[in-house]
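This report concerns only the one structure given below.
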Amino acid sequence: DTAVSQTPKYLVTQMGNDKSIKCEQNLGHDTMYWYKQDSKKFLKIMFSYNNKELIINETVPNRFSPKSPDKAHLNLHINSLELGDSAVYFCASSQGGTASTDTQYFGPGTRLTVL
Amino acid sequence: GEDVEQSLFLSVREGDSSVINCTYTDSSSTYLYWYKQEPGAGLQLLTYIFSNMDMKQDQRLTVLLNKKDKHLSLRIADTQTGDSAIYFCAESRDDYKLSFGAGTTVTVRA
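Protein chains in written order, with my numbering: chain X, 18 to 132; chain Z, 138 to 247.
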C-alpha cells in the first residue's frame, strides 16, 4: 500500500495550458505539503495544509493554487503553465504537529515538463 | 537550500564507508533528517536525530550531530551499489517547514 501517492507520475504539456496534480495519503495525517524540486535537485516548499487549512504559502506565483477537499488529499492546480514550471513536484504528509517534531513522508513525485 | 549546505558529490568504493556532511544554520532546529532519493524516485526517509542527541545508529547508518558547530553527518558502513543515490540533509524549522540541502550525489564504484 502506497502511503503517499501522486498522479500523474509524468506530465508533459504545452506552455499556457492549465494542469492539475493530485496527491493522496492514507496515513491518517493532518498535514500535507507540496515541494518543488528544480533541475539542480534543490527542494523548496511551496504550500502546506493542516486539516484543510492553508498554513504555509511561500513566494509562489498566483498561477499555483492548492486545493484540499479533505485532509487526505491535497491537489495542486497550475494555470498558464510556463517553461520555468518544469520540475519535479513532490507531495508530502506528516502527522500534524510542528515540523520540529513531525516527520514528513514523501510521495514518488510528478515530473512536469512544459514545452 | 542556502540555510543547509552539503557537498555535492561523493565517490566511494564498494565495501568502504561513506561519510556525507551537512551544516545548518538554525540553532533552534529540533530534528534533523536524512532523506535518500534514488534515480527517478521520490524521497525516502532514512533516519533522523533529535537535537539533544549526539549520535544515532541504525544498522549500517550512523548519524553524528555536533550542535555547537551545527554539523550533521551520515556514515554508511560497507557501502553497496544500492546505496548510490542523492542524500538530502534537512532541518526542521518553525511553522511546519523543512529546509533541505542541495543534496549529495553518492556514486559507489566497484
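Just so you know, even glycine gets a beta-carbon here, dropped at the ideal spot from N, CA and C.
Quiz item: Can you tell me the Cα-Cα spacing of Q121(X) and V156(Z), whole angstroms?
Solution: As a working mapping, residue 121(X) is identified with position 104 in the first sequence. As a working mapping, residue 156(Z) is identified with position 19 in the second sequence. Distance between the alpha carbons of Q121(X) and V156(Z) is about 24 Å.
Quiz prompt | Straight-line gap, S82(X) to I38(X) (C-alpha atoms, nearest Å) | solution = As a first step, residue 82(X) must be located in the first sequence, where it is residue number 65. As a first step, residue 38(X) must be located in the first sequence, where it is residue number 21. Roughly 11 Å separates the two Cα atoms.
Quiz item: Closer than 8 Å, CB to CB, is F59(X) near chain Z or not?
Solution: If you number the first sequence from 1, residue 59(X) lands on position 42. Judged by the 8 Å Cβ criterion, F59(X) is in contact with chain Z.
Quiz item: Just to confirm, are L202(Z) and D191(Z) a CB contact at a threshold of 8 Å?
Solution: The count along the second sequence starts at 1 and reaches residue 202(Z) at position 65. The count along the second sequence starts at 1 and reaches residue 191(Z) at position 54. Result yes, Cβ atoms of L202(Z) and D191(Z) sit closer than 8 Å.
Quiz item: Which same chain residues, not among the five before or five after V77(X), have their C-beta less than 6 Å away from its C-beta?
Solution: As a working note, residue 77(X) is residue 60 in the first sequence. For V77(X), where only same-chain residues beyond five positions count, the Cβ hits under 6 Å are M63.
Self-check item: Assigned exposure category for K84(X) - 16 Cβ within 10 Å defines buried
Solution: The residue given as residue 84(X) occupies position 67 in the first sequence. When all chains shown are included, K84(X) counts as exposed.
Exercise. List the residues of chain Z that Y27(X) touches, going by C-beta distances under 8 Å, in chain order.
Key: Here residue 27(X) refers to the residue found at position 10 of the first sequence. Correct list: empty, because the minimum Cβ distance to chain Z is about 10 Å.
Exercise. May I ask which residues mark the beginning and end of the beta strand (DSSP E) holding F59(X)?
Key: Here residue 59(X) is taken as the residue at index 42 of the first sequence, counted from 1. Neither: F59(X) is in no beta strand (DSSP E) and is coded neither H nor E.
Quiz item: Closest by CA to A239(Z), which one among R197(Z), V245(Z), D215(Z), Y172(Z)?
Solution: Sequence index remark: in the second sequence, residue 239(Z) carries index 102 (1-based). If we check each option's Cα against that of A239(Z), Y172(Z) comes out closest.
Quiz item: So what does DSSP say about D195(Z), is it helix, strand or coil?
Solution: The residue you call residue 195(Z) lines up with position 58 of the second sequence. Strand.
Quiz item: For the region 21 to 82 of chain X, which segments carrying the beta strand (DSSP E) assignment without a break, of at least 3 residues, lie completely within its bounds, in sequence order?
Solution: 21 to 24, 27 to 30, 36 to 42, 48 to 54, 60 to 67, 70 to 74
Quiz prompt | Exposure label - D35(X); buried when at least 16 CB within 10 Å | solution = On the first sequence, residue 35(X) is found 18 positions in, with the first residue counted as 1. Under this definition D35(X) is an exposed residue.
Quiz item: DSSP beta-bridge partners for S110(X)?
Solution: By one-based count along the first sequence, residue 110(X) stands at place 93. Answer is M49(X), Y122(X), bridged to S110(X).
Exercise. Would you check if the distance between the CB atom of V131(X) and the CB atom of L93(X) is smaller than 8 Å?
Key: By 1-based counting over the first sequence, the position of residue 131(X) is 114. By 1-based counting over the first sequence, the position of residue 93(X) is 76. Result no, Cβ atoms of V131(X) and L93(X) do not sit closer than 8 Å.
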